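J.: My structure is below; once you've seen it, I'll send some questions.
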Amino acid sequence: MVHPKNIKVDDFAMLKEQGVSMIRVCLRRDQLDEGLATLSLARDHGFSVSANVTHVTSQTPGAVLDTAARAEGAGADIICCADSNGHMLPADVHRLFSRLASRLLVPLGFHAHNNLSLANASAAIEAGAEYIDTSICGMGKGAGNLHLSMLVAYLERIGVSHGFDLVKVIELSAVTANSIPHNNMPSPLMDIILGTYNFPYDVSQRVADTLERFQLISEYRAIEVMHQQDKVARLAPRAALSNIFSDLSQSVKGVAL
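Numbering (numbering that gives the first Met the number 0), first residue to last: 0 to 256.
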């Protein structure tokens, strides 16, 4: 992510040499011309470009739409709206993204701060956003950003294919939190995975038994295994019932013959 005032032409070549493939350009309404020029420069250097429309709650919806449309016209591959002040409610997010989705052709993204971040991210997804910004341990400006673990847990909970390993994401968060004392961890990581898989907090004995039985090291992985066990147990009676009906159907057919 770059601010137009902080980047020079030579920096683009350096970023390219370092393997950077996408640049997010912050677009302030009062510095829009400079931002669009930076966006065009990034495109000229071969980067994919995401336009980050900042401080959307400090502007009218019409101004946000105008900025987004001009960014699209300048060649942005993605338009991302940032709730920079952490002020939006889910209804605000849904209304904004529904309006943008009806006017723009490029994919939309949402950058939430950790005030109502998950609720707002959910509203953005429902309204058509395809990119959601997160950070490890929720680290970021102000109240922090949306916690990566919480978004992956949410996608897991609603059954959306996401390509992440929730346990590895949570373990990465744990390692990071232990390495960086000042972080924005919003809640205990164990609570995130317990809630995702619908386990009570007093499940420690079963976790211990699962660790021992499957020779696991990670408690998070043990909870995932427990979830799979319960899933199979719920489906097993249905499968048995299905077999009974299948056998009965075959018997009826035999009698009919």
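Cβ coordinates follow ideal geometry from the N, Cα and C atoms, glycine included.
Quantities reported herein were computed from a predicted structural model and do not represent experimental measurements.
1. Residue 205 to residue 221, Cα distance in whole Å?
2. Tell me whether residue 247 sits in a helix, a strand or coil according to DSSP, three-state version.
3. Note down, in chain order, each residue of its chain lying with its Cβ closer than 8 Å to the Cβ of residue 69, except the 5 sequence neighbours on either side.
4. How many Å lie between residue 48 and residue 22 at the Cα?
5. What ranges does the alpha helix (DSSP H) occupy inside the segment 102-157, keeping only unbroken runs of at least 4 residues that lie completely in it?
6. Could you check the C-alpha separation between residue 86 and residue 0 for me, to the nearest Å?
7. Expressed to the nearest angstrom, what Euclidean distance is found between the alpha-carbon atoms of residue 133 and residue 164?
8. Measure the CB-CB distance between residue 100 and residue 127 and report whether it falls below 7 Å.
9. Is residue 27 helix, strand or coil when you go by DSSP?
10. Should residue 52 go down as buried or exposed, given a rule of 16 or more other Cβ atoms within 10 Å for buried?
11. Mind reading off the beta-carbon distance from residue 176 to residue 136? Whole number of angstroms is fine, and I expect it under 8 Å.
12. Let me know if residue 11 comes out buried or exposed under the rule of 16 or more other beta-carbons within 10 Å of its beta-carbon.
13. I need the DSSP call for residue 172, collapsed to helix, strand or coil.
14. Excluding sequence positions up to five away, which residues of its chain have a Cβ less than 8 Å from the Cβ of residue 215?
15. Can you confirm whether residue 36, when its beta carbon is compared against all beta carbons of chain B, has any partner nearer than 7 Å?
16. Rank 129, 197 and 148 by C-alpha distance to the C-alpha of residue 138 and give the top, closest one.
17. Quick one: is residue 247 buried, meaning 16 or more other Cβ sit within 10 Å of its Cβ, or exposed?
18. Under the assumption that residue 107 contacts residue 96 (Cβ atoms under 8 Å), give the Cβ distance between them as a whole number of angstroms.
19. Along the chain, where does the beta strand (DSSP E) containing residue 47 start, and where does it finish?
T.: Judging by the given coordinates:
1. So the two alpha carbons sit approximately 9 Å from each other.
2. Note that residue 247 scores 37 on pLDDT, short of 50, meaning its location in the model is unreliable; the coordinates nonetheless yield the value given after this. In this structure, residue 247 counts as helix in the three-state DSSP scheme.
3. Excluding the 5 residues flanking it on each side, residue 69 has same chain C-beta neighbours closer than 8 Å at 31 and 35, in chain order.
4. Taking the straight line joining both Cα atoms gives about 5 Å.
5. Here the runs fully enclosed are 116-125 and 147-156.
6. Here the alpha carbon of residue 86 sits roughly 21 Å from the alpha carbon of residue 0.
7. Roughly 15 Å between the two C-alpha positions.
8. A contact, by the Cβ cut-off of 7 Å.
9. It is coil, neither helix nor strand.
10. Taking all protein chains in view, the Cβ of residue 52 is crowded by 16 or more other Cβ atoms within 10 Å, so the residue is classified as buried.
11. Sure, about 5 Å apart at Cβ, within 8 Å.
12. So residue 11 counts as buried.
13. In the structure shown, the three-state DSSP call for residue 172 is helix.
14. So the list reads 209, 221 and 224, once near-sequence residues are dropped.
15. Included in the structure is just one protein chain, with no chain B present.
16. It is 148 whose Cα lies nearest to the Cα of residue 138.
17. Reliability of the predicted coordinates at residue 247 is poor, the pLDDT of 37 falling under 50, and the value obtained from them is presented with this limitation in mind. Residue 247 comes out exposed.
18. With 8 Å as the limit, residue 107 and residue 96 qualify as a contact, their Cβ atoms being about 6 Å apart.
19. Segment 47-52, the beta strand (DSSP E) holding residue 47.
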